[in-house]
Amino acid sequence: MSDSPVTPGSQAPVTPASSAAASGSPASGSPASGPAVEPPSRWRKAFNEIIGGSVMISVLAVVLAIVAGGILIAVTDENVQKAAGYFFARPGDTFAEIWKSVSGAYVALFQGAVFNPKRPEFVDQIKPITETLTFATPLIAAGLGVGLAFRVGMFNIGGRGQMLIAAACAGWVGFTLHLPWGIHLVVAILAGVIGGGIWGGIAGLLKARTGAHEVIVTIMLNYVAFYLVSYLLRTPVLQAPGSNNPKSPPIDATAVLPDLLGPQFNLHLGFIIVIAATVFVWWLLNRSSLGFKFRAVGLNPNAARVAGIDVKNMYVYAMLISGALVGLAGVFQVLGTVTTGFSSGIDAGIGFDAITVALLGRSKPWGIFVAGILFGAFKAGGFAMQASQGIPIDIVLVVQSLIVLFIAAPPLVRAVFRLPDPANPKKPKAPKTPKPAVETREAVAAK
Amino acid sequence: MSDRLPENVTTNGLAGGSGLPPTEHNHPDAAIDAPPTVLVKSWKAPIAFGFFALGAIVLFIVFGRDGDSTFRLSTDSDLIQLPAVVLPTRATGIVLSIVLVVLAAISVWFVATDRKIRVWFMAVFAVVFLIAFLTWASAGQTIPLPGLLIGTVSLSVPLIFGALGGVISERVGVVNVAIEGQLLAGAFVSAVVASVTGNLFVGLLGAVIAGTLVSFVLAAFSIKYLVDQVIVGVVLNVLVTGLTSFLYSQVLTANPDLLNSPPRFDRLPIPLLSEIPIIGPTLFRQTIVVYLMYIAVAVVFYGLFKTKWGLRVRAVGEHPQAADTVGIKVNSTRFWNVLLAGAITGLGGAYFTLGSVGQFNKEMTAGAGYIALAAVIFGRWDPIRATLAALLFGFATNLQYVLGVIGSPVPSEFLLMLPYLITIFAVAGLVGRVRGPAAAGRPYVSA
Amino acid sequence: MKLELRGITKRFGALTANDHIDLTVEPGEIHALLGENGAGKSTLMNVLYGLYQADEGEIVLDEVVQHFAGPGDAMNAGIGMVHQHFMLIPVFTVAENVMLGHEQTGFAGQLDLVAARKVVREISNRFGFHVDPDALVGDLPVGVQQRVEIIKALSRDARVLVFDEPTAVLTPQETDELMAIMRQLKESGTSIVFITHKLREVREVADRITVIRLGKVVGEASPTATNAELASLMVGRAVELTVQKDPAKPGAAALVVDNLSVIDPRGQVVVRDVSFDVKAGEILAIAGVQGNGQTELTEALMGLQDRVTGEITLDGKTLRGLSVRKVLNSGVGFVPEDRKEDGLVGEFTIAENLMLDRADGSPFVKGGGLQLSFLNTFAEEKSKEFDVRSQGIQTEVGRLSGGNQQKVVLARELSRTLRLFVAAQPTRGIDVGSIEFVHKRIVATRDEGIPVIVVSTELDEVVALADRIAVMYRGGIVGIVPGDTPRDVLGLMMAGEVPAGVLPADPEGAAA
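Chains as they are written, first to last, in UniProt numbering: chain L, 1 to 447; chain D, 1 to 447; chain P, 1 to 512.
What follows is the structure, encoded as structure tokens:
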């Protein structure tokens, strides 16, 4: 460097576009191309998503979880253990037993969830798939509720409480009011949906007014609801007259969700309702003004507030709707699944399952629909597996939670299957835009 | 508010007309001192006190009960026998209600004169309310005070271990919803290990390892794969529930004598201390796990606030970048301390099987992990306060049993609901401001 | 200690933030690293401090090549850093902050707070800092917090001290004090790297100047170089700091703010008794050092602050107490100072962001449903008009450059019928081309007869745009002066003084 005050080094001519790139912008390096470039088509996008992205990971996660479940089944199988005792004498026996136990289990699962060719009548053969849909019905409804809350940036772990309150409301209407056919069902459903909505809305209201974190509030409300309903089930409000058990009387026939495919199948009207609910949630999130605001709040509440969106109200509305959808699951339980009277276990863990459903469905309405059917199949098949193979239904919980863990960590799944990271070679991670909630050194440097 | 603004403001408002004369002094004192502040009065506490005082009047006076309430202060085996205290129920209720009203009035006066309402004041209020309640509830009956307190400690042990684990984990910046799973895993493994080996201490070690393993998954997914910590926690609880239930049904029930009949810890009275009236039987006639718990509370408190380890843990949880820039490895600090949290919580799990029940049952923790989480928050992420909160929750649960025995006028469900309701009030800010570690829940990514 | 950086290269994907940078800092020298926002200064220093690992090149201290795996290694080698955003833990005391990372312990691992306090007092006394070791850092003013940062670095025996944009949050007076401290440090033999983009400070304190641009060293200069020379070196061409604009033709007062005060959630009075007006067709610039109430003032105008007293009227109708929605509906356009945080939803497309603050009714919403085809046509049109360079309107806004992001915000706000336009830090962190575009649009808006408020901490921008200038200091307005007020006067006012002889301008006179 020379001694003169100013010695400019050699440099390329500066254009606004290149200096934009150097100013640490996220569009680093991608030269500004005019608006003439066609946006990728829908199909192209969908295709890319399947090959490189989330759909592939989802499928692989399911495969991985099923394999893990198989290992668990094999290891705990008595015959496998016996055969393993003389493994070095006759290793073939061990493998044969492993195959027998695992294939037996999953064949039973399939036959219980989709199609059972061993049964004599066609109607009986296809009954499993209708069972799957029956189990899926409340899962989808509750999953939609949890997923909707996710999209607004909230975590609704209160499914259990919302379902219990909804079930109690719908059940009470179902056996106390004696209304004409049609009206009775509608009133009962509405009562449940409103009950669930209010229970969810409490968490939304507390978050909006006092800043109380909805995770804590909804967890706590689960227990409050549980003890409240348990108490009511010991009083004449919900308890069946003349009974000492904490159980309600049966639902009036006028309030029961009618069977869709006749009395030999359990599939009820709820499945149609849940399809409608999925369409509704899709429209709400993607095509409505409210949904636009929901998504804006979920992605960046600060910007939403500055843009004149009442963030607090959005929290309340979202939790109301979320609770109502979860409540719908409670309604399906009392008016569709267990119509002979319910106890405080009526939620059957669906409130928690719904979280896994929403995560597997990536909080998208149709994703949740598919995820709900998959988990419904696990449940239906799980019961069949327990009955025929003696494998406890709890294995379904294990597989289900493993699926969600794997899905949440794509790098893990890619590492297991030795897949390349689609994000890395072509489009480098933008250095200065990490995930919004993540604190990074870069974020600090960028400030 | 404007009348509370300082008068020496040097604002020149042009729209206001002539404007104030410009300030001439050269170096405004300003650079160092903070801007003026306006005190914000919060009427939440007096409102809450008033609410409870009103409740006292309604319950203890309007619905007052007649008869005498007896409090037994000693057990039969005590060396020093204290006489039982007998209170006239209605008169005591009236007197204590008046005391509560007076205390509520004092709180109003405190706030009106800009004084802070201290913790001791709340404690006095709570104790008076509690005595009034116990007196009212035990009209014509006898409450065995030592029994009530011994049971409280017993029920609180797993809560306290869980809360300590929660405090450490959240202080270092990882939200720990997986306490439930850590407790359950600890309970399961300790039962099996202690059964097989016949050694209680090996069983304890097994619980520690089990809790650590659950924590390992939490740490790996939330720190390495940046999965939302709450999601991992919730899913882990489902996973551990499924896994332990599956193994229980599939393996333990097949061979309960070998796998699920662990020995139990005997009570180990501490000489002299155990003979102190009331306190002795409560605190010093317990099992070794309880004594371990005392040590754990003291060590965690000392460690967190007085040692290098604690300073670093808190720094990482409050401001990870700052910790990073002084050479503290944020993610490994988080990783190891989350493991430590799991180890401590695992001990609490062992108490279920080796301390109280004597065998493992499906889902035997029954939400204790969530109560422990509530204790963490209610205790404001402080080990001592969290311990006190856990004791309070244990007390509410045990009170429900005791009142159930003597025929309580209050439905047991409402007492069981109490911890959860209190926590909702706490996070809604009615019991003072609740602020957790600033960076809890947010993953930290380094370059 | 002599510090040498040899051929440091750091890439983030396709972006080369540092391109073979060489830098030598002699012992006891203040070496200024000058460059625009985003030129790569902070990246370079993060490499030096071990926060980033360089892809190529080496760091040499006193002729010994160093390998820093993390900040711990850099500190042990004698490098200290005073970060732009203080790396202090607000709930810890000064002593705890200073000892963190190299704690001394006594029996049973107990922290030796006595020793830590001693260290703080000792260094404080050496430099005349007056810092209480037991004060909670969160309670201290920024100037003092910065001293805590310096104490932190010195307590680790730092021989090379890096100051990263240390004056951004300081008043001119505090800045002067900092300069004095830097000279004092230099005299005690510490080498200093001083990162800044402010020319005045560089010329005042630096012994040598290295200018970097677009990640490359573009030249060295001595402190005797003129502002113009340094500036052109920094941005690569002679900079047109002034904006072409005709004299304002102000109309009647449109926005009138009267005795406005804002109290923040901590109970601090952050804006106090502020009164001013803005006329139709003029630009009122609000100048001041960051953190003197400007942010809160604009937020109060927008209805974003909860505890506001005083009066705000726009065209005779009150704005105070209205929700943000209603303020926007009364025709106020707003460019927030932090566009990523407050102005845009990064995961939304350009089109979605263009309707972000109009999600309630016509023309984007009918019967509760979105009018997507209208939105797309609108977005295509506006992208073209505002020169938003992207792959198309369905591109996520988070993937655009800062300048293009700001154009999206402008396009959204300026395509409504406005009665007032408020732009806070409208050109912060964007490229030169976009700066010119933004400035042109702001002047064009004024020329349509709309009252405009521009809040800026950059004196250059204030002087370039303003018809009148209001200077804020500690929540109050020090004075309102004409747009052609000399910079040194403005600088004094930013320190809270009104120099004798400069009377606050009469509104009528200033407008003329």
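Note that beta-carbon positions come from the ideal geometry of N, C-alpha and C, so glycine has one too.
Legend entry - Interface flag, A495 of chain P vs chain L, CB-CB below 7 Å: For A495 of chain P, no Cβ of chain L is located within less than 7 Å of the residue's own Cβ.
Inset, instruction - Determine the DSSP secondary structure at S248 of chain L, reduced to helix, strand or coil. - result: Secondary structure at S248 of chain L: coil, using DSSP grouped into helix, strand and coil.
Legend entry - Reduced DSSP category for A54 of chain P - H, G, I as helix; E, B as strand; rest coil: Coil at A54 of chain P, not helix or strand.
Legend entry - Straight-line Cα distance separating G166 of chain D from E122 of chain P: A straight-line Cα-Cα distance of about 39 Å links E122 of chain P and G166 of chain D.
Inset, instruction - Taking all protein chains shown into account, decide if P31 of chain L is buried (16 or more other Cβ within 10 angstroms of its Cβ) or exposed. - result: Note that P31 of chain L has pLDDT 36, beneath the 50 cutoff, so the model's placement of it is unreliable and no number is given.
Legend entry - Status (buried if at least 16 other CB within 10 Å, exposed otherwise) for Q305 of chain P: It is buried - the Cβ of Q305 of chain P has at least 16 other Cβ atoms within 10 Å.
Inset, instruction - Pull out every residue of the segment 242-263 of chain D whose Cβ sits closer than 9 Å to any Cβ of chain L, in chain order. - result: Correct list: G242, L243, T244, S245, F246, L247, Y248, S249, Q250, V251 and A254.
Inset, instruction - Check whether the Cβ atoms of P437 of chain D and L226 of chain D sit closer than 7 Å, and answer yes or no. - result: When the beta-carbon positions are compared, P437 of chain D and L226 of chain D stay at least 7 Å from each other.
Legend entry - Neighbour-count burial assignment, I270 of chain D, 16 or more Cβ in a 10 Å radius: Exposed, since its Cβ has fewer than 16 Cβ neighbours within 10 Å.
Inset, instruction - Give a yes or no on whether 7 Å exceeds the smallest Cβ distance from A384 of chain L to chain D. - result: No - not a single Cβ of chain D is within 7 Å of the one on A384 of chain L.
Legend entry - Within 7 Å, strictly: CB atoms of L140 of chain P and I283 of chain P: No, they are not a contact pair.
Legend entry - Contact between the segment 210-230 of chain L and the segment 267-283 of chain L (3+ Cβ pairs under 8 Å): Segment contact: the segment 210-230 of chain L against the segment 267-283 of chain L, fewer than three CB-CB distances shorter than 8 Å; contact not assigned.
Legend entry - Beta-carbon spacing of A178 of chain D, L243 of chain D below 7 Å: No, the Cβ-Cβ distance between A178 of chain D and L243 of chain D is not below 7 Å.
Inset, instruction - Might you give, ordered along the chain, the residues of its own chain that have their beta carbon closer than 7 Å to the beta carbon of residue 453 of chain D, omitting 5 neighbours on each side? - result: Any answer about residue 453 of chain D is impossible in this case: the structure gives chain D only from 1 up to 447.
Legend entry - Boundaries of the alpha helix (DSSP H) in which R487 of chain P is found, first to last residue: Judged by DSSP secondary structure, R487 of chain P falls within the alpha helix (DSSP H) whose first and last residues are R487 to M494.
Legend entry - Within-7 Å CB hit, L356 of chain P to chain L: L356 of chain P counts as touching chain L.
Legend entry - Nearest neighbour of W309 of chain D, chosen from P:D264, P:F86, P:Q104 and P:L33 [CA to CA]: Comparing Cα positions, the closest option is P:Q104.
Legend entry - chain L within 7 Å of D22 of chain P, Cβ atoms only: For D22 of chain P, the nearest beta carbon of chain L is not closer than 7 Å to its own beta carbon.
Legend entry - Stretch-stretch touch, CB-based, cutoff 8 Å, three pairs: the segment 348-365 of chain L with the segment 114-130 of chain L: Judged by pairs of C-beta atoms under 8 Å, the segment 348-365 of chain L does not touch the segment 114-130 of chain L, as fewer than three such pairs exist.
Legend entry - Simplified DSSP state of E337 of chain P, which is helix, strand or coil: In the three-state scheme derived from DSSP, where H, G and I count as helix and E and B as strand, E337 of chain P is classed as coil.
Legend entry - Residue range of the alpha helix (DSSP H) that includes I219 of chain L: Here the alpha helix (DSSP H) through I219 of chain L covers E214 to L232.
Inset, instruction - Using the Cα positions of Q239 of chain L and D264 of chain P, report the straight-line distance between them to the nearest angstrom. - result: The straight-line gap from Cα to Cα measures roughly 53 Å.
Inset, instruction - Ignoring anything shorter than 3 residues or poking outside the segment 33-97 of chain D, list the beta strand (DSSP E) runs there in chain order. - result: Scanning the segment 33-97 of chain D for uninterrupted beta strand (DSSP E) segments of 3 residues or longer gives 68-72 and 85-88, listed from N- to C-terminal end.
Legend entry - Cα-Cα separation between A74 of chain L and G355 of chain D, rounded to whole angstroms: Their backbone Cα atoms lie some 33 Å apart in a straight line.
Legend entry - Neighbourhood of L403 of chain D by C-beta distance below 6 Å, restricted to the same chain and skipping five residues each side: A137, listed in sequence order.
Legend entry - F421 of chain P, DSSP secondary structure in three states: Three-state DSSP puts F421 of chain P in a strand.
Inset, instruction - Consider the Cβ of T9 of chain P: report whether some Cβ of chain L lies at a distance smaller than 7 Å. - result: So, not an interface residue.
Legend entry - Beta-ladder partner(s) of V370 of chain L, from DSSP: Per DSSP, V370 of chain L has no beta-bridge partner at all.
Legend entry - Limits of the alpha helix (DSSP H) - the one that M99 of chain P falls within: That run of the alpha helix (DSSP H) goes V94 to M99.
Inset, instruction - Using the Cα positions of residue 567 of chain P and I373 of chain L, report the straight-line distance between them to the nearest angstrom. - result: As displayed, chain P neither begins before 1 nor continues past 512, which places residue 567 of chain P out of reach and without an answer.
Legend entry - Proximal chain L residues relative to A168 of chain P, where beta-carbon distance stays under 7 Å: Per Cβ cutoff of 7 Å: no residues; A168 of chain P is ~10 Å from chain L at best.
Legend entry - Cβ-based neighbour list, H20 of chain P, same chain, cut-off 6 Å, excluding 5 preceding and 5 following: Around H20 of chain P: G7 and T9.
Inset, instruction - Count the CB pairs spanning the segment 122-135 of chain D and the segment 82-98 of chain D that are closer than 8 Å, and state whether there are at least three. - result: Inter-segment contact for the segment 122-135 of chain D and the segment 82-98 of chain D is present: three or more beta-carbon pairs are separated by less than 8 Å.
Legend entry - According to DSSP, residues forming a beta bridge with Q110 of chain P: Residue pairing by DSSP places Q110 of chain P opposite D:T307 in a beta bridge.
Legend entry - Local Cβ density within 10 Å of S97 of chain D, reported as buried at 16 or more and exposed below that: The residue is buried, with at least 16 neighbouring Cβ atoms inside 10 Å.
Legend entry - R119 of chain L (DSSP reduced to helix, strand or coil): Per DSSP, reduced to three states, the secondary structure at R119 of chain L is coil, with no helix or strand assignment.
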